[in-house]
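Peer 1: In the working numbering, each residue carries its 1-based index in the sequence shown increased by 117.
Don't be surprised by glycine CBs; every beta carbon is placed ideally from N, CA and C.
As the structure is a computational prediction, the values presented were derived from the model and not from experiment.
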Amino acid sequence: MATQKQRSAGSRATPALRQKLSSQALLERTADSHRRINDYGKYGRFYHAPEGKELKPWKCKEGEHIIDIIPFLAGKNHNHTEEGSPTYLVDVWVHQKVGPNENDYVCMARNYNKPCPICDFVNTQKAKDSLLSPEEDKALTEQQKLVLIAAREDALDKCEPKRRCLYNIVCHDSTMQRDLGIQVWEIAHFLFEKKVLAIARMPRGGGFVPFSSPDNGKSICFERQGSGLSNTQYLGHKFVDRPEPIPDEILEAAHTLDELITIPDYEELKKEFLSGFHTHSQPEAGKDAGPPKRDNIPQETEAAAEALRIQKAQEAAAKNQAAKKKATLTQPPIKPKTTPPKAQSTVRRGIRSKR
């Protein structure tokens with residue numbers, strides 16, 4: 118758990134804090150998270166370091182790990198727990214890779230029931246009769262329209278918020294990791310929290326294992342396999358007994374995670390989002406832009422532009438294939454080799470003479 122030097126420093130957590138963090142309310146947070154288990158709903162994080170304190174993000178590498186989840190008292194920004202009540206995580210919906218700098222921001226609508234410029238934009242676009250501009254509708258072929266609409270629908274779907282979790286953890290993979298004390302871990306809900314809740318639930322309505330309790334909680338073992346975005350798995354989650362309760366100095370060092378969340382300003386977030394999500398260009402007032410050329414069609418997203426490039430490549434490949442087929446058909450047929458008639462008659466005479 119803590120180093121000998123940390124333990125010798127003496128207890129700093131008050132009995133009242135330990136009692137509150139060990140209360141039934143903390144276990145209720147586990148049950149509350151389980152009730153929300155199936156909600157679906159460069160790379161700047163959606164949270165920041167506390168003023169005057171160091172924030173140590175934990176990077177979960179490939180291999181086996183053993184960690185303790187450290188509880189804390191919720192602050193004013195927690196979206197599921199009242200301020201001052203115990204909890205062990207922040208479970209939020211996050212818009213990822215927003216704007217040209219690809220920063221992450223919490224969704225104000227999904228988390229706090231407040232206006233969100235990204236959700237407003239997405240909902241407005243999806244409510245339209247068509248994702249094509251009038252100019253595109255006239256200039257594009259039906260196949261190009263389908264490709265462009267599919268690309269824009271995909272781009273809008275990627276704007277939907279993703280469910281992310283934040284934890285205070287102590288890692289026991291090595292002495293060096295343990296000596297780092299509290300680290301903050303951000304991970305997708307379905308990769309960790311959902312799996313931990315599955316093993317925390319006791320059968321036949323027996324409640325939940327109080328794995329985050331400072332006194333009688335459990336360490337969590339699991340394995341990460343893979344390192345890429347598409348091949349990473351978190352497997353083998355199980356609880357193991359802790360050798361001792363969570364030390365007071367670790368409880369005191371835990372961050373109030375919800376107060377680390379960056380609450381974005383509506384107009385500023387809108388400006389950043391739209392600067393990375395290109396809208397249709399409009400002709401100048403009093404000028405007739407005319408039908409757009411095929412290679413100069415205004416794009417709404419980079420994905421749409423890529424879709425058109427793919428379409429052009431497919432058309433070019435089909436054209437080349439057709440040209441090859443035409444060339445093959447226009448070539449004079451190759452006559453099969455046959456035995457000259459005289460030779461054939463000679464062979465026949467030879468056969469008759471033998472008879």
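Threshold first: 4 residues or longer. Then list the alpha helix (DSSP H) segments lying entirely within the segment 305-348, N to C.
Peer 2: 310-317
Peer 1: Give the list of continuous alpha helix (DSSP H) stretches no shorter than 4 residues that lie fully inside the segment 130-188.
Peer 2: 132-138, 141-152
Peer 1: Tell me whether S329 is buried or exposed, calling it buried when 16 or more other Cβ atoms sit within 10 Å of its Cβ.
Peer 2: On the sequence shown, residue 329 is found 212 positions in, with the first residue counted as 1. S329 is buried by the Cβ-count criterion.
Peer 1: Roughly how far, in whole angstroms, is the beta-carbon of L368 from the beta-carbon of K173, given that I think they are within contact range, below 8 Å?
Peer 2: Along the sequence shown, one-based indexing puts residue 368 at 251. Along the sequence shown, one-based indexing puts residue 173 at 56. At roughly 17 Å, the Cβ-Cβ gap does not stay under 8 Å, so L368 and K173 are not in contact.
Peer 1: Starting from Y205 and walking both ways along the alpha helix (DSSP H), at which residues does that stretch end?
Peer 2: Counting from one through the sequence shown, the residue named residue 205 turns up at place 88. Counting along the chain, Y205 falls outside any alpha helix (DSSP H), and DSSP gives it neither H nor E.
Peer 1: Is the Cβ-Cβ distance between K245 and L273 less than 8 Å?
Peer 2: On the sequence shown, residue 245 is found 128 positions in, with the first residue counted as 1. On the sequence shown, residue 273 is found 156 positions in, with the first residue counted as 1. No, Cβ-Cβ distance for K245 and L273 is not below 8 Å.
Peer 1: Do C224 and P188 have their C-beta atoms within less than 8 Å of each other?
Peer 2: To locate residue 224, count along the sequence shown from 1; it is residue 107. To locate residue 188, count along the sequence shown from 1; it is residue 71. No; because the gap between Cβ atoms is not below 8 Å, this pair is not in contact.
Peer 1: List the endpoints of the continuous beta strand (DSSP E) containing K355.
Peer 2: As a first step, residue 355 is located in the sequence shown; it is residue number 238 there, counting from the start. K355: member of the beta strand (DSSP E) spanning 350-358, first to last residue.
Peer 1: Going by C-alpha distance, which of D358, Q261, D237 is nearest H289?
Peer 2: Locating residue 289 in the sequence shown gives position 172, where the first residue counts as 1. Ranking the options by Cα distance to H289, first place goes to D358.
Peer 1: Any chance the segment 189-197 sits against the segment 372-388, with 3 or more Cβ pairs inside 8 Å?
Peer 2: A contact between stretches requires three or more CB pairs, one per stretch, nearer than 8 Å, and the segment 189-197 meets this requirement with the segment 372-388.
Peer 1: Can you have a look at R411 and say buried or exposed, based on whether 16 or more other CB atoms are within 10 angstroms of its CB?
Peer 2: Taking the sequence shown and counting its residues from 1, one reaches residue 411 at position 294. Its pLDDT being 33, under 50, R411 is placed unreliably by the model, and nothing is read from it.
Peer 1: Relative to the C-alpha of N285, which candidate in P331, M293, K311, E340 has its C-alpha closest?
Peer 2: Numbered from its first residue, the sequence shown carries residue 285 at position 168. Out of P331, M293, K311, E340, P331 has the C-alpha closest to the C-alpha of N285.
Peer 1: Can you tell me the Cα-Cα spacing of T349 and I186, whole angstroms?
Peer 2: For the purposes of this step, residue 349 is identified with residue 232 of the sequence shown, where counting begins at 1. For the purposes of this step, residue 186 is identified with residue 69 of the sequence shown, where counting begins at 1. Approximately 22 Å, taken between the alpha carbons.
Peer 1: CB-CB under 7 Å to E200, same chain, minus the five flanking residues each way: which ones, in chain order?
Peer 2: The sequence position of residue 200 within the sequence shown is 83, counting from 1. A191, G192, K193, listed in sequence order.
Peer 1: Assess contact between the segment 245-261 and the segment 220-235, defined as three or more Cβ pairs (one per stretch) separated by less than 8 Å. Is contact present?
Peer 2: no
Peer 1: Tell whether a beta-carbon distance below 8 Å holds between I316 and F356.
Peer 2: Sequence index remark: in the sequence shown, residue 316 carries index 199 (1-based). Sequence index remark: in the sequence shown, residue 356 carries index 239 (1-based). The Cβ-Cβ distance between I316 and F356 falls below 8 Å.
Peer 1: I need the straight-line Cα distance from R318 to L143, nearest angstrom please.
Peer 2: For the purposes of this step, residue 318 is taken as the residue at position 201 of the sequence shown. For the purposes of this step, residue 143 is taken as the residue at position 26 of the sequence shown. About 15 Å.
Peer 1: Among residues of its own chain, excluding the 5 on either side of H165, which ones have a beta-carbon nearer than 7 Å to its beta-carbon?
Peer 2: Sequence index remark: in the sequence shown, residue 165 carries index 48 (1-based). Same-chain partners within the cutoff: L377, T379.
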